[in-house]
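First residue of the sequence shown: 2, per our numbering; consecutive thereafter.
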Amino acid sequence: AKQLKANKHNEWMPLEGDGDFRSDESISLLKRSDIVVTNPPFSLFREFIKQLVDYNKKFLIIGNLNAITYKEVFPLLKENKVWLGNNYKINAGAMFFEIPEKIANLEQIREVKVNESGKKVYITRVQGVRWFTNLDHGRRHQPLPLMTKAEVVKFATKKSFEKYDNYNAIEVSLVKNIPSDYDGVMGVPMSIFDKYSPEQFEILGSDYNVREGLLPKLVNPKWKGKLDRGYVNNKRLYTRILIKHKKK
C-alpha cells in the first residue's frame, strides 16, 4: 500500500465505511478491480471466495489448508477453477511472513533481518496456510515424480498397500508414495493439492462426497459401518481426497 501511495499516478482515498467486503462500497471497488490480493478473515473465507468467483475476478488470497474441504471451495478445486498458488516456501506445512517490529510477537519470531528498504523485519512461521488462486503458474503443470507400486513397497513403506474397509480404493498416506502404475482409485491427504497437476491426476471427490452419496460406485457393498471417512482395519482416517491417474 505504501508503494502504491508513493506513486504520483495513484490516488489515495480512505474508505467511507468500515471496509467490510460485503458492503456496497467494497463491492463497487471490487467491480473496478483487475485482481484481488489479500488475506481475508479465515472465518469468512467461504463467503469471500464465493464473492470473487461470482464477480469473475482474478485473485490471489491466503487461506487455511482446511479450506480445501469446504463445500464452497472443494468443487472449485475439483473443476480446475481454483488451485493452490506457487507455495514454494512451504516448509513442513508452514509459510513464512515478514512482520513489522511494532506488531511482532517475539515469542513466535523465527528470524530477524533487514528488508530492501533497510528496515528491520521479523520472520514468523504460520502453520497450515496456503495461497488460493485462479492465476495460472507453471509449477502446477509439473508432474509429480513417482515410484512404481513395487518400488514404493521396496524402498519406502516396506509393506503392501492397504485397501479401505468401506471404499473401493487403496490408502496412500503420503503423497510421495502415490504409485505411478496403479490404475484404480486412491485416497490421499489434502496435501496432494500442493503438488497437484491437472494433467497427471483426476480428482474424483473427497470422503464427504462418498458420505453424501455422490460416489456410490466407490462404496464397498459389504461394509455395514459409517461412511463419514475412510476406514482401514476399522481405524477412522483423516480427510482423504480420492484421485486416479489420468490415462495418457
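Each residue gets a CB set at the ideal place from its N, CA and C atoms; glycine is no exception.
task = Can you tell me which of ASN81, ASP184, THR70 and PRO42 puts its alpha carbon nearest to the alpha carbon of VAL1?
result = Outside the modelled stretch of the chain, which goes from 2 to 249, sits residue 1, for which no answer is possible.
key: Contact under 7 Å by Cβ, VAL233 with TYR165   = Closer than 7 Å, so yes.
query = Beta-carbon separation of MET187 and ILE171 under 7 Å?
reply = In this structure, the beta-carbon distance from MET187 to ILE171 falls below 7 Å.
Those residues which DSSP pairs with TRP132 across a bridge = The beta-bridge partner set that DSSP reports for TRP132 consists of ILE63.
query = Do the CB positions of ASN169 and LEU219 come within less than 7 Å of each other?
reply = Yes, they are a contact pair.
Cβ contact check for the region 114–123 and the region 141–148: 3 or more pairs under 8 Å = Counting Cβ pairs under 8 Å, fewer than three are found: no touch.
message = I need the straight-line Cα distance from TRP13 to ALA95, nearest angstrom please.
response = If I take the Cα positions, the gap works out to 34 Å.
message = Residues in the same chain with beta-carbon distance under 6 Å from ILE260, minus the five sequence neighbours each way, listed in chain order, please.
response = Given a span of 2 to 249 for the chain in the structure shown, any question on residue 260 remains unanswerable.
task = Look up LYS245 in the DSSP assignment and say whether it is helix, strand or coil.
result = Three-state result, LYS245: strand.
ask   = For ASN135, which residues from the same chain have a beta carbon less than 7 Å from its beta carbon, with the 5 sequence-adjacent residues on both sides left out?
value = Excluding residues within five positions, the ones whose Cβ falls inside 7 Å are LYS59, PHE60, LYS82 and VAL83.
inquiry  = According to DSSP, is GLY188 part of a helix, a strand, or is it coil?
reply    = In this structure, GLY188 counts as strand in the three-state DSSP scheme.
Proximity to PHE98 [Cα-Cα], best of GLN128, LEU85, LYS196 and SER161 = Per the Cα distances, GLN128.
task = Would you mind sorting THR39 into buried or exposed? The rule is 16 or more other CB atoms within 10 Å of its CB.
result = Under this definition THR39 is an exposed residue.
ask   = Going straight from the alpha carbon of HIS246 to that of GLY185, what length do you get?
value = Rounded to whole angstroms, HIS246 to GLY185 spans 8 Å at the Cα level.
task = Note down, in chain order, each residue of its chain lying with its Cβ closer than 6 Å to the Cβ of GLU163, except the 5 sequence neighbours on either side.
result = GLU172 and VAL233.
query = Hey, ILE193 and VAL176: beta-carbon distance below 7 Å or not?
reply = Contact: yes.
ask   = Roughly how far, in whole angstroms, is the beta-carbon of PHE133 from the beta-carbon of ILE50, given that I think they are within contact range, below 8 Å?
value = The pair is a contact, with the Cβ atoms about 7 Å apart (cut-off 8 Å).
query = How is VAL54 classed by DSSP in three states: helix, strand or coil?
reply = Look at VAL54 here: in three-state DSSP terms it is helix.
query = What is the DSSP secondary structure of ARG212, counted as helix, strand or coil?
reply = DSSP places ARG212 in helix when its eight states are reduced to three.
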